[in-house]
Amino acid sequence: SKANRALPLVIQAESDRPPTTSAFLLEENGPATISDRTALAPGWDERPTSKAGWADENKPTSKERPTSSGRPTSKDLDRKMVWARDTEELKSQVRERLATERPYDVKDLYHETGLFQWIARHHIFENTTLAVITINAIYIGFETDFNESDVLLEANPFFIVGENFFCVYYLFEWIVRFMSFRSKYQCLFDAWFMFDSGLVLLIVLETWVFVILAGGRSPFGNNAAILRLFRLLRLSRLVKMLRSSPQLMILIKGVVTAMHSVVYVMLLLGILTYVFAIICTILSSDAGVIKDQYFDGVALSMYSLIIYATLLDDLSDFMDAIRAENSMILFVVFIFICLSALTVMNMLVGILCEVISSVAETEKELFLAEKCRSVMKEIVVNLDQDYSGSISLKEMKDILVTPGAINALQEIGVDPLGMIDFAEMFFWDEAGKPVDLSF
-10 SKANRALPLV IQAESDRPPT TSAFLLEENG PATISDRTAL APGWDERPTS KAGWADENKP
50 TSKERPTSSG RPTSKDLDRK MVWARDTEEL KSQVRERLAT ERPYDVKDLY HETGLFQWIA
110 RHHIFENTTL AVITINAIYI GFETDFNESD VLLEANPFFI VGENFFCVYY LFEWIVRFMS
170 FRSKYQCLFD AWFMFDSGLV LLIVLETWVF VILAGGRSPF GNNAAILRLF RLLRLSRLVK
230 MLRSSPQLMI LIKGVVTAMH SVVYVMLLLG ILTYVFAIIC TILSSDAGVI KDQYFDGVAL
290 SMYSLIIYAT LLDDLSDFMD AIRAENSMIL FVVFIFICLS ALTVMNMLVG ILCEVISSVA
350 ETEKELFLAE KCRSVMKEIV VNLDQDYSGS ISLKEMKDIL VTPGAINALQ EIGVDPLGMI
410 DFAEMFFWDE AGKPVDLSF
């Protein structure tokens, strides 16, 4: 046919294009005819491309000009076919990425079977650990007030028993989590586990190792500063309590996220304070009391403006003292209060609220998605009738009539009825054959 005779010319014209495009010029079953290409891309109309592969709207060549009948050329159809194939490949890559990408969960690194992983995953173990951390936080304050001994063996028996109890439990928790990892080296990449490891090391050193090596005395002799430092490091146990509370972690993440904006707001406040401190220092050069008390130099002026005019501490006495001696400085300080305390500080509060709200919304979505994943995984495992590790259409129907699954899907905004409508997209391939999905 004419199309087959013209195809070598089209291939020759395509030699200047990138290899990724010309590689698709030939069909798997032989060259495609013009009618075949028209059927695949009806009404396709695209301007010819330059050697770089980009559309050149200003310089169409004579060989690549559309036909007088308005029908697309063979080169246009080839480009449409290439784009269709590239699109399908891109979609498959995106689907694979979405299927494999999931939030980090240390439990995914644990063994699937065994006593230690069962204990580490159990909710009673997690709640008990949280209760022990809370009791330990209260105990630290009580021990600080009433334990006057720097050496554990010389303390009241109540404190000896308490220190050993917390040391034993934290060491037990660490062993359970360490033995739960499938590959032990993976624990080195878990930040919270490494933090717990350092915490347990400090507790064991303070409670057992130092006592044994020093024979019940302080291993540092008369230098009690180092021992006090170890006792202060026990406050790091409170971080474990923060980690166990999602609401507190949301606030901390929000503050960390907003830190970049907070730095610029504080920089703006520092510049304003510096400028107005210079003005107040110059204007108060002839004053008496307020110069010696508030504006004797730029540094003291900045301190006075931050404490009294920004944080508004004892503002009335500060303003009355200035009013009694210099009305011009009073007017300048009023302007500074409007700019710093009423504008910049409120802007800082607004930034923190906005960022924390955004972080809270994101964390809420992640929490609901993880909750839905856990619930659905448990249901799917229980309904996997053939123990194949995959789910069939029949098993999917059983899942959608389970109340727990429906509630979990609705919490994350998934319509169970919509899943039924789109089931054919998941459980049938392009050839119309039924397929099973892995989970």
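Per our numbering, residue -10 is the first one in the sequence shown, and the count goes up by one each step.
Beta carbons are placed, not taken as given, at the ideal position from N, Cα and C, and that holds for glycine.
In this text, all values refer to a predicted model and were calculated from it rather than measured experimentally.
For the 8 Å CB-CB criterion, Phe170 and Cys176 form a contact. Taking all protein chains shown into account, Lys353 has fewer than 16 neighbouring C-beta atoms within 10 Å of its C-beta and is therefore exposed. In the structure shown, Tyr99 falls within a strand segment according to DSSP collapsed to helix, strand and coil. In this structure the stretch 187 to 199 does not lie against the stretch 117 to 135, because fewer than three pairs of beta carbons, one per stretch, are closer than 8 Å. With contacts defined as CB atoms closer than 8 Å, Val364 and Leu257 fail to qualify as a contacting pair.
Nearest to Ala358 by alpha-carbon distance, out of Ile311, Gly402, Val150 and Val121, is Gly402. For Val121, same chain residues with a beta-carbon under 6 Å away, outside a window of 5 residues either side, are Tyr158 in chain order. In the DSSP assignment, the residues bridged to Leu426 are Ile380. Buried is the label assigned to Leu294, since at least 16 other Cβ atoms lie within 10 Å of its Cβ. Contact check between the stretch 340 to 350 and the stretch 241 to 252: three or more CB pairs, one atom from each, fall below 8 Å, which counts as touching. Going by DSSP, Leu177 is part of no alpha helix (DSSP H) at all; its letter is neither H nor E.
Put simply, the backbone Cα of Val140 is about 33 Å away from that of Ser234.
Inter-residue distance for Phe114 and Phe105 is about 11 Å (C-alpha atoms, whole angstroms). Collapsing the DSSP output to three states places Phe411 in coil. Here the alpha carbon of Ile380 sits roughly 15 Å from the alpha carbon of Ala394.
The shortest C-alpha to C-alpha distance from Tyr93 to any of Arg362, Ile260 and Leu328 is the one to Arg362. As computed with DSSP, Trp417 is found in a beta bridge with Pro423. With contact defined as three or more Cβ pairs closer than 8 Å, the stretch 310 to 320 and the stretch 261 to 279 are in contact. Minimum Cα-Cα distance from Ile124 among the listed residues Ser138, Trp107, Phe155 and Thr102 corresponds to Phe155. When C-alpha distances from Phe356 are compared across Met385, Phe199, Glu400 and Leu224, the shortest belongs to Glu400. The beta-bridge partner set that DSSP reports for Phe170 consists of Tyr99. Between the alpha carbons of Lys422 and Leu389 lies a distance of about 22 Å. Distances from the CA of Ile345 to each of Ala247, Met385 and Val264 were compared; the closest alpha carbon is that of Ala247. Here Val264 is exposed: its Cβ has fewer than 16 other Cβ atoms, across all protein chains shown, within 10 Å. In this structure, Arg226 sits near Leu188, with a CB-CB distance shorter than 8 Å.
Inter-residue distance for Glu137 and Leu218 is about 16 Å (C-alpha atoms, whole angstroms). Here Tyr297 is near Phe307, since their CB atoms are less than 8 Å apart. With fewer than 16 other Cβ atoms inside 10 Å of its own Cβ, Gly407 counts as exposed. Residue burial annotation: Glu162 is buried, with at least 16 other C-beta atoms found within 10 angstroms of its C-beta.
As for any alpha helix (DSSP H) of minimum length 4 sitting wholly inside the stretch 212 to 291, the runs are 213 to 222, 226 to 232, 235 to 272 and 278 to 282, ordered along the chain. Along the stretch 126 to 174, the alpha helix (DSSP H) occurs as fully enclosed runs of 4 or more residues at 146 to 169, listed in sequence order. A direct Cα-to-Cα measurement between Val424 and Lys383 gives close to 11 Å.
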